[in-house]
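Chemist:
Protein chains: 2
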Amino acid sequence: MEARPDLAAMMGPIGRTLVAMELPILREHELSMWGYAVLSSLDDQPVHTQAALAEAINADKTRLIAVLDDLQSAGLIERRPAPGDRRARVLTITPEGRRLRNAVQAAIRVEEERLLEVLPPDQRAVFVDALRRLSAASKP
Amino acid sequence: MEARPDLAAMMGPIGRTLVAMELPILREHELSMWGYAVLSSLDDQPVHTQAALAEAINADKTRLIAVLDDLQSAGLIERRPAPGDRRARVLTITPEGRRLRNAVQAAIRVEEERLLEVLPPDQRAVFVDALRRLSAASKP
DNA sequence: TATTGTTATACTCTATAACTATA
DNA sequence: TATAGTTATAGAGTATAACAATA
Chain A
-15 MEARPDLAAM MGPIGRTLVA MELPILREHE LSMWGYAVLS SLDDQPVHTQ
35 AALAEAINAD KTRLIAVLDD LQSAGLIERR PAPGDRRARV LTITPEGRRL
85 RNAVQAAIRV EEERLLEVLP PDQRAVFVDA LRRLSAASKP
Chain B
-15 MEARPDLAAM MGPIGRTLVA MELPILREHE LSMWGYAVLS SLDDQPVHTQ
35 AALAEAINAD KTRLIAVLDD LQSAGLIERR PAPGDRRARV LTITPEGRRL
85 RNAVQAAIRV EEERLLEVLP PDQRAVFVDA LRRLSAASKP
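The listed protein sequences derive, respectively, from chains A and B. By the working numbering, the letter at position 24 of the first sequence is numbered 8, and the numbering carries on one by one without gaps. By the working numbering, the letter at position 64 of the second sequence is numbered 48, and the numbering carries on one by one without gaps.
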């Protein structure tokens, strides 16, 4: 067993660097971190209840409400009553929301690739693929 | 440019899984997350001011004080006045502190390796090495 | 004047409980 | 009775400001 720092001890600084890199980009687009998470989640497919969205992005459903209010009043998402259940709200991203989300993600991607440049070229794809596998296995 | 989730979006769930895995181990040894971070930092070498320790583990110096009080009264660290500067305190880990730290880290390592089993064997070392490079580059 | 450790205070984020309207 | 969304409240964690001792 080789000596190395704990995984969490290594991931902490990387995570802080990623957040510090994203915050200016988000602020430039007048979007909060949670707002961006919501847009990213809705970009894949519409969600049929706010509770489901909260669980999908690991947020508290009570905390999401102000976020959704802001996104809706900014015209980035739509909150329509669900056809079958008048309690629920169907959440969809608007074309403008998708445009904004794509712009933000593209800017973030540029910075991410810059960070990944500290890795030997043949390690980069392996690292990203490993992250994908581990995050998929960490869903619960 | 291949499509993939943001790095932060993938690291979030992994980080939560790691924390959820560590908490029971820490509780079993009656150690807080910050206490473990302090012991791990001091295990490498003594630190000559509390402020330096705070910066090393990315903590607020005011928040560290209660943590150090607990560790000291548990006999896991020593806080001695610095020879040259009577304001400062030299922080050292005790033999018992080192024993505890090693036990906790060994238990964490077992669980980490179990998580890494979702990766193809030839990806594991690459992933850990990439984490090490990225965290080293994320120090500021 | 600046720094070390400390205490006290304020603030942010998050979770808990309670309410309404539907089912 | 249970669930979706909402609101209001309480709690944990964190940062900010101010202090005494020393440099």
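Just so it is clear, CB atoms sit at the ideal spot from N, CA and C, and this is done for glycine as well. In this text, all values refer to a predicted model and were calculated from it rather than measured experimentally.
Between Q107 of chain A and chain B, is there a C-beta pair that is closer than 8 Å?
Modeler: yes
Chemist: Can you find the residues in the same chain that come closer than 7 Å, C-beta to C-beta, to H32 of chain B, ignoring five residues on each side of it along the sequence?
Modeler: Only A66, A72, V74 meet the Cβ criterion.
Chemist: What in chain B is Cβ-close to R117 of chain A, meaning under 7 Å?
Modeler: V102, L103
Chemist: Please report how far the alpha carbon of M17 of chain B lies from the alpha carbon of R93 of chain A, in whole angstroms.
Modeler: 32 Å
Chemist: Compare the C-beta of A66 of chain A against all C-beta atoms of chain B and say whether one is closer than 8 Å.
Modeler: no
Chemist: Name the chain A residues that come within less than 8 Å of L10 of chain B, Cβ to Cβ?
Modeler: Per Cβ cutoff of 8 Å: no residues; L10 of chain B is ~11 Å from chain A at best.
Chemist: Any Cβ of chain B within less than 8 Å of the Cβ of S122 of chain A?
Modeler: Judged by the 8 Å Cβ criterion, S122 of chain A is in contact with chain B.
Chemist: Taking all protein chains shown into account, decide if A(-8) of chain B is buried (16 or more other Cβ within 10 angstroms of its Cβ) or exposed.
Modeler: buried
Chemist: What residues from the stretch 14 to 30 of chain A come within 8 Å of chain B, judged by C-beta to C-beta, listed N to C?
Modeler: A21, S24
Chemist: Apply the 10 Å Cβ neighbour rule to E6 of chain B and answer buried if 16 or more other Cβ atoms are within range, or exposed otherwise.
Modeler: buried
Chemist: Run down chain A in chain order and give the residues with a C-beta less than 9 Å from the C-beta of L99 of chain B.
Modeler: L(-9), L118, A121, S122
Chemist: Comparing C-alpha positions only, which one of A:I41, A:A35, A:E14 sits nearest to D27 of chain A?
Modeler: A:I41
Chemist: Using the rule of at least 16 other Cβ atoms within 10 Å of the residue's Cβ for burial, across every protein chain shown, is Q34 of chain B buried or exposed?
Modeler: buried
Chemist: Find the nearest neighbour of A(-13) of chain B within the set A:K123, A:S122, A:A121, A:R116, judged by alpha-carbon distance.
Modeler: Of the listed residues, the one whose Cα sits closest to A(-13) of chain B is A:R116.
Chemist: So, using beta-carbon positions, are S24 of chain B and M(-6) of chain A closer together than 8 Å?
Modeler: no
Chemist: Could you work out which residues of chain A lie near V110 of chain B, taking near to mean beta carbons separated by less than 8 Å?
Modeler: Counting only Cβ-Cβ distances below 8 Å, V110 of chain B has contacts in chain A at Q107, V110, F111, A114, in chain order.
Chemist: Compile a chain-ordered list of the residues in the stretch 48 to 77 of chain A whose CB is closer than 7 Å to at least one CB of chain B.
Modeler: none
Chemist: Is the shortest distance between the beta-carbon of Q89 of chain A and the beta-carbons of chain B less than 8 Å?
Modeler: yes
Chemist: Assign L37 of chain B to one of three DSSP states: helix, strand, or coil.
Modeler: The answer is helix: DSSP assigns L37 of chain B an H, G or I state.
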